[in-house]
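A.B. asks:
There are 2 protein chains.
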Amino acid sequence: MSHHDLTQFRHTGTLYLSAPEAAELVRRHGLERCIATVASHIREDFLRWIDFDKTARVAAHSRDGVIELMPVADQHRYSFKYVNGHPGNTRFGLSTVMAFGVLADVDTGAPLLLSELTLTTAIRTAAMSALAAQVLARPDSRVMALIGNGAQSEFQAIAFQHLLGITELRLYDVDPAATAKLVANLQDRGLTLTICRSTAEAVRGADIVTTVTADKACATIVTPDMIEPGMHLNAVGGDCPGKTELHGDILDQAKVFVEYEPQSRIEGEIQHKAADFAVTEFWQVLHGERAGRDDAAQVTVFDSVGFALEDFSALRFMYDTANALGLGERITLIPQLADPKNLFGSLRSQTVAHTRLELETVLT
Amino acid sequence: MSHHDLTQFRHTGTLYLSAPEAAELVRRHGLERCIATVASHIREDFLRWIDFDKTARVAAHSRDGVIELMPVADQHRYSFKYVNGHPGNTRFGLSTVMAFGVLADVDTGAPLLLSELTLTTAIRTAAMSALAAQVLARPDSRVMALIGNGAQSEFQAIAFQHLLGITELRLYDVDPAATAKLVANLQDRGLTLTICRSTAEAVRGADIVTTVTADKACATIVTPDMIEPGMHLNAVGGDCPGKTELHGDILDQAKVFVEYEPQSRIEGEIQHKAADFAVTEFWQVLHGERAGRDDAAQVTVFDSVGFALEDFSALRFMYDTANALGLGERITLIPQLADPKNLFGSLRSQTVAHTRLELETVLT
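Going down the list, the sequences are from chains R and U.
Under the working numbering, the first residue of the first sequence carries the number 206, and numbering increases by one thereafter.
Under the working numbering, the first residue of the second sequence carries the number 206, and numbering increases by one thereafter.
1. Per DSSP, what kind of secondary structure is R:Ser320 in: helix, strand or coil?
2. Indicate the three-state DSSP secondary structure (helix, strand or coil) for U:Lys386 in the structure shown.
3. Relative to the C-alpha of U:Thr415, which candidate in U:Ala224, U:Ala342, U:Asp525, U:Ala519 has its C-alpha closest?
4. How long is the line joining the alpha carbons of U:Val288 and U:Gly511, rounded to whole angstroms?
5. What do you get for R:Gln392, buried or exposed, if any count of 16 or more other CB atoms within 10 angstroms of its CB means buried?
6. Buried or exposed: where does R:Asp162 fall if 16 or more other Cβ atoms within 10 Å of its Cβ makes it buried?
7. Under a three-way DSSP split, which group does U:Asp290 fall into?
8. Please give the ranges of any beta strand (DSSP E) in the segment 244 to 275 of chain R, keeping only runs that are unbroken, at least 3 residues long and fully inside the region.
9. Could you give the DSSP three-state label for R:Asp516: helix, strand or coil?
10. When you compare the CB positions of U:Leu552 and R:Leu274, do they come within less than 8 Å of one another, or not?
11. One question on the structure: do U:Ala424 and U:Glu464 come within less than 8 Å of each other, judged by their Cβ atoms?
12. If you draw a straight line from the alpha carbon of R:Asp454 to that of R:Gln476, how long is it in whole angstroms?
13. Using CA atoms only, rank isn't needed, just tell me which of R:Met436, R:Ile539, R:Val388, R:Ala241 is closest to R:Gln503.
14. Locate the alpha helix (DSSP H) running through R:Phe482, then write down its first and last residues.
15. For the segment 221 to 251 of chain U, enumerate the residues whose C-beta is nearer than 8 Å to any C-beta of chain R, in chain order.
16. Within the chosen definition, does the segment 313 to 330 of chain U reach the segment 208 to 227 of chain U through at least 3 CB pairs nearer than 8 Å?
17. Out of U:Gln541, U:Thr313, U:Ala527, U:Leu438, which one is the CA nearest neighbour of U:Gly410?
18. Name the DSSP bridge partner or partners of U:Tyr283?
19. Is it right to say R:Leu252 is buried, meaning 16 or more other beta carbons lie within 10 angstroms of its own, or is it exposed?
20. Just to make sure I have the definition right: I need the residues of chain A whose C-beta is within less than 7 Å of the C-beta of R:Gly298. Which are they?
21. From what residue to what residue does the alpha helix (DSSP H) around R:Leu368 run?
22. At a Cβ cut of 7 Å, what residues of the segment 371 to 396 of chain R count as close to chain U, listed as they run along the chain?
23. Using alpha carbons as the reference points, say which of U:His291, U:Ala278, U:His246 lies closest to U:Ala264.
24. Thinking just about the alpha-carbon of each residue, which of R:Ala480, R:Leu514, R:Asp310 is nearest to the one in R:Trp488?
25. Name the chain R residues whose beta carbon is nearer than 9 Å to that of U:His280?
26. Between the segment 459 to 475 of chain U and chain R, which residues of the former have a C-beta closer than 9 Å to a C-beta of the latter?
27. Identify whether U:Asp210 lies in helix, strand or coil by the three-state DSSP scheme.
28. So that I know if they touch, is there some Cβ in chain U lying closer than 8 Å to that of R:His291?
29. According to DSSP, simplified to helix, strand and coil, what is R:Val557?
30. Mind checking whether R:Arg282 and R:Leu322 have CB atoms under 8 Å apart?
31. Which whole-angstrom value is the C-beta distance of U:Gln361 and U:Leu368, which I expect to be below 8 Å?
32. Kindly give me the distance between the Cβ atoms of U:Thr301 and U:Ala356, rounded to whole angstroms, as I take these residues to be in contact under 8 Å.
33. Which value, in whole angstroms, describes the spacing of the CA atoms of U:Asp210 and U:Gln458?
34. Using the DSSP secondary-structure output, state which residues sit across from U:Ser465 in a beta bridge.
35. Quick one: what does DSSP say R:Glu472 is sitting in, helix, strand or coil?
36. Taking DSSP as the reference, what is the three-state secondary structure of R:Glu450?
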């Protein structure tokens, strides 16, 4: 790692960015600017795709959900994200998706940053969706259907407004309260918001269709009869085995783009298709190796499942921005040893007790 | 998860146990008692081996080392460990092995505990080694060779003294300063400590041979000529592809035990052997399904690489003990939302700024 990072780690430990501090970072930096910068970081990192040691995420499935680890590394930095998906969590007052992650130094293994990634995942997912649509959707796209109006939806809306020039959103959610919440959150942002009574109504006339639903089921939220020539489908919600959003026939009639093919074959909309079903990895289009949209009438599908590299990009954004803004605190996740071969010796010192004593002395 | 854990997480977030707090926990609970309790937890968890969703760890190799993620789960709890191995780290004043991990709730994905695992890994590795030796070594074992006197060595020594009744240690390290450190750390513990000038000298006459070296190379630290009938070899240091400690012929003449066969085939001493080289998974011996040592003259090898389930056992020990002792602090790694579907709304609140302002008011 850089000499600066190493020195900082040795003297002050790991930078920790809590959920409230990350929200503060986004408020100070500006949400639109955060999304745009993360999209730019994702673009940079996808352009050097071959530099990365990539792996499909490691998932632990259970009755009610899934817990996943998503590692990735280049020659200098390593990152991983912990993320769950539990559609029933809102019953307990918990989020469906909760996440955190770490950015580490490859040369030493030192964890430089521990960050919340719940808010950050919403930002990076929206940034990835918008980046893909910049490349794949028709340039004159102005109307987007937004199916699923939960925790991720506002971020998608703002990303597409600012990075694509979307001016009208057509909204649908099985839960009208979710749509009402979205409208309340976005009412002053210069977007035309149209509440629809069905997916079909929302999709009608849209240039882009974004699906961001949470059910852990092979739902068929969008059917072939809804599809119009030239549409771009941004399928965000289907992201694990047994969780899809599009009718299979749609894929047969469209050109399908994925993030990382080995993972998407397991988790994406294409999980029901044959192993040789044709897909294009998005980085190849960015890199100029493969064509994106072939003509204005073609239907394009970004079969997005979320790939570890997007979190890598987001984590380096959070790390640099937190350092620049002086946000976060330093934590001792790793013992700071005078002699690193003498871990046992660290049991002799009374650091915690002394610190407490000093604190008590100050406070009394 | 239990109603208590869920309520605690919702109201106060994730329990965070820093490296200094973990050291304080070990001091208060007692190192010998920590090792014994973790060994007991490992035994319990290995006895219900089939309840766990197991996977070989996910490793990212680089020029100077490796960074690994080690997840495992049963129906109730999920854990993972982040751990690196960088033999050159001591040059930078950093530990060769640094680790941290999380214990989470399977039903919701909520991270209950974030803990340092550098010190804890040393404890759980020693506990695992001693547990295996209790089952596999000759019951009359009293003398142990300890090859490699680095950060892990004192923990191995104390585990074998207290769980096996080892009374004499024969020490060797390529770095005499490491051995001197070990002797200084253990001099008042009632062990006979003999400093040797070579591995061969240390191994001669030993009942148990523990190798815990750190070089990332196929070293041949122990050779067939050193082996005596009835020895138990506790091979701890060889734990990733290209990193072994025993001459291959030793394995051919011994009975070899592993933790989790799919991982050990990649990482263990057996990585150079054919895919059908006979091994016994240790849990099968504990469970009574397979025999351990067949007779007093047999040479047994515990080809240990460190398995995620051992960290699971250690994390539940740390969680319960930290809660019982009131150690650790609560952190907001996950946003605490009034409405979990309204992540966007969390950007509106000014929690951090207000807290800071209040703090500044108090301090001035």
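Backbone N, C-alpha and C fix where the C-beta goes; we use that ideal spot for every residue, glycine too.
This structure is a prediction, so every number in the text was calculated from the model and none was measured.
C.D. replies: This is what the structure holds:
1. For the purposes of this step, residue 320 of chain R is taken as the residue at position 115 of the first sequence. The three-state reading of DSSP puts R:Ser320 in strand, counting E and B together.
2. Counted from its first residue, the second sequence places residue 386 of chain U at position 181. Three-state DSSP puts U:Lys386 in a helix.
3. One-based indexing of the second sequence puts residue 415 of chain U at position 210. For the residues U:Ala224, U:Ala342, U:Asp525, U:Ala519, the minimum Cα distance to U:Thr415 belongs to U:Ala342.
4. As a first step, residue 288 of chain U is located in the second sequence; it is residue number 83 there, counting from the start. As a first step, residue 511 of chain U is located in the second sequence; it is residue number 306 there, counting from the start. Each residue's Cα considered, the two are about 11 Å apart.
5. Position 187 of the first sequence, counted from the start, is the residue given in the question as residue 392 of chain R. Under a 10 Å Cβ-count criterion, R:Gln392 is classified as exposed, with fewer than 16 other Cβ atoms of the shown protein chains found around its own Cβ.
6. The structure shown does not extend to residue 162 of chain R, since chain R spans only 206 to 569, so no value can be given for it.
7. The residue given as residue 290 of chain U occupies position 85 in the second sequence. Checking the sequence shown, residue 290 of chain U turns out to be Gly, not Asp. Residue state, collapsed to three classes: strand.
8. Listed in chain order, the complete beta strand (DSSP E) runs (minimum 3 residues) inside the segment 244 to 275 of chain R are 263 to 266.
9. Within the first sequence, residue 516 of chain R is the residue found at index 311, counting from 1. The answer is helix: DSSP assigns R:Asp516 an H, G or I state.
10. By one-based count along the second sequence, residue 552 of chain U stands at place 347. By one-based count along the first sequence, residue 274 of chain R stands at place 69. Cβ atoms of U:Leu552 and R:Leu274: not closer than 8 Å.
11. Taking the first residue of the second sequence as 1, we reach residue 424 of chain U at position 219. Taking the first residue of the second sequence as 1, we reach residue 464 of chain U at position 259. Contact flag unset, no.
12. Taking the first residue of the first sequence as position 1, residue 454 of chain R is located at position 249. Taking the first residue of the first sequence as position 1, residue 476 of chain R is located at position 271. Cα to Cα, the separation comes out at about 13 Å.
13. For the purposes of this step, residue 503 of chain R is identified with residue 298 of the first sequence, where counting begins at 1. Proximity to R:Gln503 across R:Met436, R:Ile539, R:Val388, R:Ala241 peaks at R:Met436, based on C-alpha coordinates.
14. By 1-based counting over the first sequence, the position of residue 482 of chain R is 277. Per DSSP, R:Phe482 belongs to no alpha helix (DSSP H) and is neither H nor E.
15. Per Cβ criterion, the list reads Tyr221, Ser223, Ala224, Pro225, Glu226, Ala228, Glu229, Val231, Arg232, Leu236.
16. Judged by Cβ distances under 8 Å, the segment 313 to 330 of chain U makes contact with the segment 208 to 227 of chain U, as three or more pairs qualify.
17. By 1-based counting over the second sequence, the position of residue 410 of chain U is 205. Measuring from the Cα of U:Gly410, the nearest candidate turns out to be U:Leu438.
18. Locating residue 283 of chain U in the second sequence gives position 78, where the first residue counts as 1. Answer is U:Ala278, U:Ala309.
19. Numbered from 1 along the first sequence, position 47 holds the residue referred to as residue 252 of chain R. Its Cβ having fewer than 16 others within 10 Å, R:Leu252 is exposed.
20. No chain A is present in this structure, whose protein chains are R and U.
21. Sequence index remark: in the first sequence, residue 368 of chain R carries index 163 (1-based). Start and end: 358 to 369.
22. The residues in question are Ala383, Lys386, Asn390.
23. Residue 264 of chain U sits at position 59 when you count from the first residue of the second sequence. U:Ala264 has its Cα closest to that of U:His291, out of U:His291, U:Ala278, U:His246.
24. Here the question's residue 488 of chain R lines up with position 283 in the first sequence. For R:Trp488, the closest C-alpha among the options R:Ala480, R:Leu514, R:Asp310 is that of R:Leu514.
25. As a position in the second sequence, residue 280 of chain U is number 75, starting the count at 1. Per the sequence shown, the amino acid found at residue 280 of chain U is Gln instead of His. Those are Ser267, Arg268, listed as they occur along chain R.
26. Along the segment 459 to 475 of chain U, none of the residues has a CB nearer than 9 Å to a CB of chain R.
27. Counted from its first residue, the second sequence places residue 210 of chain U at position 5. Correct three-state label for U:Asp210: helix.
28. Locating residue 291 of chain R in the first sequence gives position 86, counting from the first residue. Cβ-Cβ to chain U under 8 Å: yes for R:His291.
29. By 1-based counting over the first sequence, the position of residue 557 of chain R is 352. Low per-residue confidence applies at R:Val557: pLDDT is 45, beneath 50, and the placement is therefore not dependable enough to give any value.
30. Residue 282 of chain R sits at position 77 when you count from the first residue of the first sequence. Residue 322 of chain R sits at position 117 when you count from the first residue of the first sequence. Contact: no.
31. For the purposes of this step, residue 361 of chain U is taken as the residue at position 156 of the second sequence. For the purposes of this step, residue 368 of chain U is taken as the residue at position 163 of the second sequence. About 11 Å; that fails the 8 Å criterion.
32. Numbered from 1 along the second sequence, position 96 holds the residue referred to as residue 301 of chain U. Numbered from 1 along the second sequence, position 151 holds the residue referred to as residue 356 of chain U. Correct: roughly 7 Å between the Cβ atoms.
33. Taking the first residue of the second sequence as position 1, residue 210 of chain U is located at position 5. Taking the first residue of the second sequence as position 1, residue 458 of chain U is located at position 253. Answer to the nearest angstrom: the Cα atoms are 50 Å apart.
34. Within the second sequence, numbered from 1, the residue matching residue 465 of chain U stands at position 260. A quick correction: the sequence has Tyr, not Ser, at residue 465 of chain U. Here U:Tyr465 is not bridged, per DSSP, to any residue.
35. Start at 1 with the first residue of the first sequence, and residue 472 of chain R comes out as number 267. Three-state result, R:Glu472: helix.
36. Taking the first sequence and counting its residues from 1, the one referred to as residue 450 of chain R is at position 245. Here R:Glu450 sits in strand by DSSP.
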